[in-house]
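In what follows, a single structure is set out as structure tokens and then discussed.
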Amino acid sequence: MWWIILIVIVVLLVIYVISVYNGLVGLKNNVEDQYSQIDVELKRRFDLVPNLIETVKGYTKHEKETFKEVVDARNTYANANGMGEQLKADGELTNAINKLFALAESYPELKANENFIQLQNELSEIEQKIVYARGFYNDSVLKLNNKIEMFPSNIIASMFGFKKREYFEANGNERENVKVKF
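For the sequence shown, the numbering used here gives the first residue as 844, with consecutive numbering after it.
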């Protein structure tokens, strides 16, 4: 009789381990999916930046420092390896684009240009999608990290090598107001 009880306990334990493992895999895959959604929008923004710069350059030929900053930030993103570097480079690119838009405020003829307006609207739409995707990503990371840290799933997570993920956070530059100096 005690063999039957022992077998039932072992079977229930195996089912529990499988269930928690599958849950962790699902959460990990969800985090990766949400990050890829952010990446898609970041790449769309990345591709728009050269068009935006060329449009603005036509009106503001002497603002080379701002353009250099945007191009450098774009190149940093292009050369980023891994999620951590990409997140940091994205913050730099966001800050540089914000400076570019702040600069455009000083040029009324640029603000009225149809190409600039179209690019600005498209970039604004992408930025909204990025913000939305970042929120979903952080929610997914929260669920995964909670599962990895909470007992008893933390035991199974450590047995199978699940690691906590980084949240998508604004860096110091993104928290400050954009300053444009002439």
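No residue lacks a Cβ here, since even glycine has one placed at the ideal position from N, Cα and C.
Since the model is a prediction, treat every value here as computed from it, not as a measurement.
Report buried or exposed for Y1010, applying the criterion of at least 16 other Cβ atoms within 10 angstroms of its Cβ.
-> exposed
Residue range of the alpha helix (DSSP H) that includes K911 = K907 to A921
May I ask you to report which of helix, strand or coil DSSP gives F959?
-> It is helical.
Under 8 Å by Cβ, that's how I've got K972 and E884 pegged, so tell me the actual separation to the nearest angstrom.
-> 5 Å
Between which two residues does the alpha helix (DSSP H) carrying T898 extend?
-> W845 to K900
With S1001 as the anchor, note down where its alpha helix (DSSP H) starts and where it stops.
-> S1001: member of the alpha helix (DSSP H) spanning S996 to M1002, first to last residue.
Range of the contiguous alpha helix (DSSP H) that encloses T937 = Judged by DSSP secondary structure, T937 falls within the alpha helix (DSSP H) whose first and last residues are G925 to A947.
When DSSP labels each residue in this structure, what does Y975 get in the three-state scheme?
-> helix
Residue range of the alpha helix (DSSP H) that includes E952 = P951 to K954
Whole-angstrom C-beta distance between Y878 and M926, which should lie under 8 Å = 7 Å
Nearest to Y980 by CA position, among Y864, L870, F910 and V854, is which residue?
-> L870
For T898, collect the residues of the same chain with a Cβ closer than 7 Å to its Cβ; drop the 5 residues on either side in sequence, then sort them by chain order.
-> N956, N958, F959 and L962
Considering only the beta carbon of each residue, do V863 and I999 sit closer than 8 Å?
-> A contact, by the Cβ cut-off of 8 Å.
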